[in-house]
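Scroll down for the structure; my scribbles are underneath it.
Numbering (the working numbering), first residue to last: 150 to 321.
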């Protein structure tokens with residue numbers, strides 16, 4: 150069996166560099182630590198196969214790179230990446246839904262604060278998707294009056310909501 154003292158000396162000299170290499174590949178501290186540990190264990194058990202053809206530094210680096218690439222191809226890594234993507238997407242969707250709900254509530258309250266003459270055309274036009282002609286017929290007023298009330302209602306809403314920072318509704 151190879152000398153334990155030599156292995157400890159190798160570990161002191163090369164661990165930090167090998168750890169950085171593994172981390173650059175995996176972007177995960179624990180996995181990088183595991184890879185470096187695996188490399189030293191494998192080197193310890195198969196040291197007799199190592200031939201002094203080149204520098205041990207390059208040999209250990211190559212082992213670390215290969216082990217890192219093996220990890221990136223592994224099912225464990227793909228499963229972690231998939232779980233991370235699904236979980237972060239779910240969190241984003243939930244967060245966006247909550248924010249959208251809050252923003253919609255703010256907008257609804259602002260519409261309810263409008264005077265009835267401006268509120269009616271806004272509700273029918275934007276929330277019920279009714280054309281101006283139908284709104285005019287429904288309210289018994291000329292189309293020009295519907296247009297002017299819509300314009301006035303939008304101005305009042307804009308003034309009322311100008312200090313709100315919109316995250317979801319603004320980007321839809």
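Beta carbons: idealized from backbone N, C-alpha and C, even for Gly.
What are the start and end residues of the alpha helix (DSSP H) that includes residue 212?
Looking at the DSSP string, the run of the alpha helix (DSSP H) that includes residue 212 is 205 to 222.
Where does residue 289 sit, in a helix, a strand or coil, going by DSSP?
In the structure shown, residue 289 sits in coil (DSSP, three-state: anything other than H, G, I, E or B).
Within 8 Å, strictly: CB atoms of residue 175 and residue 223:
Cβ distance not < 8 Å, so residue 175 and residue 223 don't count as in contact.
Ordered along the chain, which non-local residues of its own chain (more than five positions away) have a Cβ less than 7 Å from that of residue 267?
Around residue 267: 298, 301, 302, 305.
Which word fits residue 173, buried or exposed, when buried means at least 16 other C-beta atoms lie within 10 angstroms of its C-beta?
Exposed, because fewer than 16 other Cβ atoms sit within 10 Å of the Cβ of residue 173.
Alpha-carbon spacing of residue 308 relative to residue 286, whole angstroms:
Their Cα atoms are separated by approximately 29 Å.
Grouping DSSP H, G and I as helix and E and B as strand, with all else coil, what is residue 115?
No answer is possible for residue 115: it lies beyond the span of the chain, which begins at 150 and ends at 321.
Of the residues 171, 179, 166, 279, which one's Cα is nearest the Cα of residue 215?
Per the Cα distances, 171.
Roughly how many angstroms separate the alpha carbons of residue 296 and residue 281, rounded to a whole number?
In a straight line, the C-alpha of residue 296 is about 7 Å away from that of residue 281.
Alpha carbon to alpha carbon, how far is residue 343 from residue 155?
Absent from the model: residue 343. The displayed extent of the chain is 150 to 321, so no value can be given.
Among residues of its own chain, excluding the 5 on either side of residue 209, which ones have a beta-carbon nearer than 7 Å to its beta-carbon?
Setting aside the 5 residues that flank it on each side, residue 209 is surrounded in the same chain by 163, 167, 188, 192, each with a C-beta closer than 7 Å to its C-beta; the list follows chain order.
Rounded to a whole number of angstroms, what is the C-alpha to C-alpha distance between residue 180 and residue 157?
Each residue's Cα considered, the two are about 21 Å apart.
My understanding is that residue 271 touches residue 263, with C-beta atoms under 8 Å, so please give their C-beta distance in whole angstroms.
Rounded, the Cβ-Cβ distance is 7 Å, consistent with contact.
Buried or exposed (CB count within 10 angstroms, at least 16 for buried), residue 265:
Residue 265 comes out exposed.
Using the rule of at least 16 other Cβ atoms within 10 Å of the residue's Cβ for burial, across every protein chain shown, is residue 252 buried or exposed?
Answer is buried; the Cβ neighbour count reaches 16.
For residue 213 and residue 178, what's the separation of their Cα atoms in angstroms?
Each residue's alpha carbon lies about 14 Å from the other.
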